[in-house]
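Novice: Under the UniProt record's numbering, the residues of the sequence shown are numbered 1 to 148, in order. Each residue gets a CB set at the ideal place from its N, CA and C atoms; glycine is no exception. Just so you know, these numbers come straight off a predicted model, no measurement behind them.
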Amino acid sequence: MTTKYDGGERVRVFTFPSDPARRAQWIKAIHRADFTPGKRSVVCERHFKPSDMVNTTSYTDTTTGKVIEVPLKLVRLRPDAVPSILPDGPAYLSATNANTSREAPDEKRTHLEAAALQDAISKFIETHQAEEDKYKIDNFQAMLQCLP
Numbered sequence: 001m002t003t004k005y006d007g008g009e010r011v012r013v014f015t016f017p018s019d020p021a022r023r024a025q026w027i028k029a030i031h032r033a034d035f036t037p038g039k040r041s042v043v044c045e046r047h048f049k050p051s052d053m054v055n056t057t058s059y060t061d062t063t064t065g066k067v068i069e070v071p072l073k074l075v076r077l078r079p080d081a082v083p084s085i086l087p088d089g090p091a092y093l094s095a096t097n098a099n100t101s102r103e104a105p106d107e108k109r110t111h112l113e114a115a116a117l118q119d120a121i122s123k124f125i126e127t128h129q130a131e132e133d134k135y136k137i138d139n140f141q142a143m144l145q146c147l148p
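1) Identify every residue that forms a DSSP beta bridge with Tyr59.
2) Use the C-beta contact count for Thr62: other C-beta atoms within 10 angstroms, 16 or more gives buried, fewer gives exposed.
3) Taking a contact to mean a Cβ-Cβ separation below 9 Å, would you say Ala82 touches Val54 in this structure?
4) Anyone know if the C-beta pair for residue 157 and Phe48 falls short of 9 Å?
5) Just to confirm, are Leu72 and Thr56 a CB contact at a threshold of 9 Å?
6) With the cut-off set at 9 Å, would you say Cys44 and Val11 are in Cβ contact?
7) With distances taken Cα to Cα, identify the nearest neighbour of Asp80 among Ala104, Lys123, Thr64, Gly65.
8) What did DSSP end up calling Thr15 once you bin it into helix, strand or coil?
9) Could you tell me which residues DSSP pairs with Leu77 in its beta bridges?
10) Mark Ala130 as exposed unless 16 or more other C-beta atoms lie within 10 angstroms of its C-beta, in which case mark it buried.
11) Whose CA, out of Thr64, Arg109, Trp26, Leu112, lies closest to the CA of Thr15?
12) Could you give the DSSP three-state label for Thr96: helix, strand or coil?
13) Taking only the alpha-carbon atoms, compute the straight-line gap between Lys123 and Asp133 and give it to the nearest angstrom.
As structure tokens, then:
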């Protein structure tokens, strides 16, 4: 969903999560006194880090192992996203003052798993090619030499 601020640029807005635990995280992050969000309460994209938003979805083809990435029509928030850019709130709650260079644990795990998988695939292809070259039979004489 998008909306305009005072006729200006369009911004995406996100409804509060229905999960009580996540909803409580959002309310705590917003840090407004006596605030209880209603069914139509929203938070605009300006309060989220770009890394909190998902613009694409991916699928791995099991037959080829190729990853296919497709852009989404509607931008979504990551499941663990919490509003963290709060210019009017206390400085310690805003992500702009936090150390943002550190990767989130789930992102790090995914990144490391992908790197390990890519490394394993590369080693497999290299080994497979070496085996094919070692046992390559391109004429009848070579085949006879391989027989016991």
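Specialist: Judging by the given coordinates:
1) Beta-bridge pairing links Tyr59 to Ile68.
2) exposed
3) For the record, residue 82 in the displayed sequence is Val; it is not Ala. Cβ atoms of Val82 and Val54: not closer than 9 Å.
4) Limits of the chain in this structure are 1 at one end and 148 at the other, which puts residue 157 out of reach.
5) yes
6) yes
7) Ala104
8) strand
9) Partner(s): Met53.
10) Result: exposed.
11) Answer by Cα proximity: Trp26.
12) Bear in mind that the predicted position of Thr96 carries a pLDDT of just 49, short of 50, making it unreliable; the figure below should be weighed with that in mind. DSSP places Thr96 in helix when its eight states are reduced to three.
13) 15 Å
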